[in-house]
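Per this note's numbering, the very first residue in the sequence shown carries number 14; after that it's consecutive.
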Amino acid sequence: MELRQVEHFVAVVDEEGFTAAADAVGITQPALSQSVAALERELGTPLFVRAPRRVSLTAAGEALLGPARQLLRAAREARASVEGVVELAQGTLDLVALPTLAVDPLTPLLGRFRAAHPGVEVRVAAPDQRVAVLDQVRRGDAELGLTDLRDAVEGLDARPVADQEVVLAVAPGTRIGRSRRQPRDVLGRLEMITTPTGTATRDLLEQACSDAGVEPHVAVVTDHREMLAPLVVAGGGAALLAASHARDAAAAGADIVRLDPPLSRRIGFVHRPGPLSPAAAGLLDLL
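See below:
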């Protein structure tokens with residue numbers, strides 16, 4: 014049973030004849046008659062009693078009419094739902110992002126997206142490790158992932174967003190020299206507050222120390238990234254922070270030091286190869 018056949022059947026009922034029904038749906042009368050006849054053959058019974066000047070429903074036609082109207086209504090609703098998603102009037106967008114990136118740059122980007130498309134629901138997961146971000150995108154649990162792009166992202170397409178500078182936050186009065194720019198080997202002279210092994214922040218610390226030929230001295234390890242800046246201010250050690258996060262730490266009293274050469278990480282979105290949903294494409298269009 015094809016949807017157009019059901020539409021033609023209902024049109025004959027509503028227009029009280031084949032000729033008027035054909036005009037209503039925009040096809041010729043013979044074509045409409047053939048469509049209804051094909052439906053009758055499929056169902057194995059006549060749906061109309063055909064008289065010279067009028068048609069009426071058979072018992073089978075009466076039984077079909079209610080479900081046929083429901084089917085056409087459901088088809089209209091289905092079409093409207095798809096159009097709503099395509100036009101970003103509704104739908105869902107699943108994202109996954111490293112926790113530090115979920116704050117910046119994702120939060121302001123999502124604010125702009127939601128302002129433009131308030132009918133789209135956005136769901137954000139924030140696993141601790143980069144590998145988890147990539148795995149969730151590969152599995153299809155999320156359509157877009159926001160992560161650092163320091164290494165290849167095998168099997169995924171990448172869309173760079175920015176090079177995010179990372180700076181050093183230290184407690185007020187920490188003796189590391191008067192300059193607000195220090196060589197990277199300063200990291201080997203400080204007690205560091207960082208996140209667990211395998212997280213992006215920890216990887217960045219270890220790579221920076223390795224490049225400078227020093228070993229990191231880890232004083233505090235925490236899963237709670239929101240602890241880093243307050244713990245620095247409280248004298249618990251020093252921490253690497255994204256420059257955007259460091260502004261809050263500075264406002265709370267921490268001293269901010271830039272490293273020489275500057276420490277940065279390239280961040281961007283990853284997704285599986287192929288076309289994106291309208292919602293995902295709409296988000297990336299805002300970059």
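We put the beta carbon where it would ideally sit given N, CA and C, even for glycine. All values reported here derive from a predicted model rather than from experimental measurement.
query = Considering Glu96, what are the terminal residues of the beta strand (DSSP E) in which it resides?
reply = Looking at the DSSP string, Glu96 is not in any beta strand (DSSP E); the run it does join, the alpha helix (DSSP H), is 72-99.
inquiry  = For Arg260, report the span of its alpha helix (DSSP H) as first-last.
reply    = 256-265
query = Under three-state DSSP, which class holds Gly158?
reply = strand
request  = On a CA-only basis, which of Val144, Thr105, Ala51 is nearest Glu156? Give me that one, please.
outcome  = Thr105
Glu134, enclosing beta strand (DSSP E) - first and last residue = 133-138
ask   = Taking the C-alpha atoms as reference points, what is the distance between Pro229 and Ala221?
value = 9 Å
query = Which of helix, strand or coil does DSSP assign to Asp176?
reply = strand
query = Can you name the start and end residues of the beta strand (DSSP E) that Ala251 belongs to?
reply = No beta strand (DSSP E) contains Ala251, which DSSP labels as neither H nor E.
task = Tell me where the beta strand (DSSP E) around His237 begins and ends.
result = Looking at the DSSP string, His237 is not in any beta strand (DSSP E), and its letter there is neither H nor E.
request  = Return the CA-CA distance between Leu181 and Thr113, expressed in angstroms with no decimal places.
outcome  = 15 Å
task = Below 8 Å on the Cβ atoms is my guess for Asp198 versus Val227; work out the distance and round it to an integer in Å.
result = 5 Å
request  = Assign Thr207 to buried or exposed, taking buried as 16 or more other Cβ atoms, counted over all protein chains shown, within 10 Å of its Cβ.
outcome  = buried
ask   = Tell me, which residues are paired with Gln220 by DSSP?
value = According to DSSP, which records beta bridges pairwise, Gln220 is partnered with nothing at all.
inquiry  = With distance defined between alpha-carbon atoms, name the residue in Asp154, Arg143, Ala72, Leu77 nearest to Val166.
reply    = Arg143
request  = Report the residue from Arg92, Gly153, Glu15 whose alpha carbon sits nearest the alpha carbon of Glu55.
outcome  = Glu15
message = Short of 6 Å in beta carbon distance, which residues of its chain neighbour Leu244, apart from the five on each side in sequence? Order them along the chain.
response = Ile206
request  = Determine the closest residue to Gly266 out of Leu108, Gly248, Leu122, Gly168, with distance taken between C-alpha atoms.
outcome  = Gly248
request  = Might you give, ordered along the chain, the residues of its own chain that have their beta carbon closer than 7 Å to the beta carbon of Ala255, omitting 5 neighbours on each side?
outcome  = Thr113, Asp117, Gln177, Val179
ask   = For Thr41, does the count of other Cβ atoms within 10 angstroms reach 16, so buried, or fall short, so exposed?
value = exposed
key: DSSP state of Gln42 mapped onto helix, strand, coil   = helix
request  = Might you give, ordered along the chain, the residues of its own chain that have their beta carbon closer than 8 Å to the beta carbon of Asp27, omitting 5 neighbours on each side?
outcome  = Ala34, Ala37
task = Check whether the Cβ atoms of His130 and Leu159 sit closer than 9 Å, and answer yes or no.
result = no
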